[in-house]
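S.K.: Shown below is the structure under consideration.
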Amino acid sequence: MEFLNFNISMGNDNQGVATIELVFTIFIMIFLMIAILNLFETRFDSINNMGEDLSGRTFLENLSTLINGVNSNGNGYSTTLTLPENLNNNSYSILLKKTEIMLEFKGKRGKSVIYPITLINRDNEKLDEIKLFSGNKYLIKKSLNNDNLSSIHIYQIS
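For what it's worth, the working numbering labels the leading residue of the sequence shown as 4, then goes sequentially.
This is the structure in structure tokens:
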């Protein structure tokens, strides 16, 4: 096994070159390992973000389906909506407008289109938008407004 004893047959000049090559090789290996670990970390974070975005998107689609369902039924139809305290341990906010629902989640905004609706409050006053708060329970009801037009009431219940 001559390759194990290569330092014995080398002169002083060759030992320095072998040491520099060894240090350079170790440096390259460490650099490659750091690059690969960074790539894996980025991919893992990306997968986590996709999962969180997907849960927010699914939540938003379910909410728009619920509101569209109330709007599609006759006057007097109602349902309750209980919003979770958080989504994936992150706070969120919901803004309901006449033709869309907007979800703000982790600094990002998503929206889902709904059938055009007229929003009214308990006093039958038309609203441009309604903000829904996490952890609250809401009644969503289709009824007639003061102009005898179909409208959607959304208000907090206990």
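Yeah, the Cβ is synthetic: ideal placement off N, Cα and C, and Gly gets one too.
Tell me which residues share the same chain as I157 and place their Cβ nearer than 6 Å to its Cβ, disregarding the 5 neighbours each side in the sequence.
M.R.: Indexing the sequence shown from 1 puts residue 157 at position 154. Counting only Cβ-Cβ distances below 6 Å, and skipping sequence neighbours, we find I133, Y141, I143.
S.K.: Going residue by residue through the region 64 to 144, where are the continuous beta strand (DSSP E) segments of at least 3 residues, counting only ones entirely within it?
M.R.: 81 to 85, 95 to 100, 103 to 108, 111 to 116, 132 to 135
S.K.: Beta carbon of S154, beta carbon of I123: below 7 Å?
M.R.: Numbered from its first residue, the sequence shown carries residue 154 at position 151. Numbered from its first residue, the sequence shown carries residue 123 at position 120. Yes. Within cutoff.
S.K.: Would you say I120 and K101 are within 7 Å of each other, going by their C-beta atoms?
M.R.: One-based indexing of the sequence shown puts residue 120 at position 117. One-based indexing of the sequence shown puts residue 101 at position 98. Taking 7 Å as the Cβ cut-off, I120 and K101 qualify as a contacting pair.
S.K.: Which residues bound the beta strand (DSSP E) around S153?
M.R.: The residue you call residue 153 lines up with position 150 of the sequence shown. Note, S153: beta strand (DSSP E), 153 to 160.
S.K.: S81: buried (16+ other C-beta within 10 angstroms of its C-beta) or exposed?
M.R.: Start at 1 with the first residue of the sequence shown, and residue 81 comes out as number 78. The residue is exposed, with fewer than 16 neighbouring Cβ atoms inside 10 Å.
S.K.: I'd like the list of long-range same chain contacts for N139, defined as Cβ closer than 7 Å, with 5 residues on each side in sequence excluded.
M.R.: Residue numbering aside, residue 139 sits at position 136 when the sequence shown is read from its first letter. Within the same chain, N139 has close Cβ partners L86, Q159.
S.K.: Rounded to whole angstroms, what is the Cα-Cα separation between L135 and F30?
M.R.: Indexing the sequence shown from 1 puts residue 135 at position 132. Indexing the sequence shown from 1 puts residue 30 at position 27. Pairing L135 with F30, the inter-Cα distance amounts to about 55 Å.
S.K.: Per DSSP, which one or two residues make a beta bridge with L57?
M.R.: The residue labelled residue 57 in the question sits at position 54 within the sequence shown. Note: L57 sits in no beta bridge, so no partner.
S.K.: Pull up the DSSP beta-bridge partners for L25, would you.
M.R.: In the sequence shown, counting from the first residue as 1, residue 25 sits at position 22. Beta-bridge pairing links L25 to no other residue.
S.K.: How many angstroms separate the CA atom of N2 from the CA atom of K145?
M.R.: Nothing can be reported for residue 2: it is not among the residues displayed for the chain, which extend from 4 to 161.
S.K.: Taking the DSSP output, what are the residues bridged to L147?
M.R.: Here residue 147 corresponds to residue number 144 of the sequence shown, with the count starting at 1. Its beta-bridge partners are S153.
S.K.: Compute the Euclidean distance between the alpha carbons of T83 and L66, then round it to the nearest angstrom.
M.R.: Your numbering for residue 83 matches position 80 in the sequence shown. Your numbering for residue 66 matches position 63 in the sequence shown. T83 and L66 have their C-alpha atoms some 11 Å from each other.
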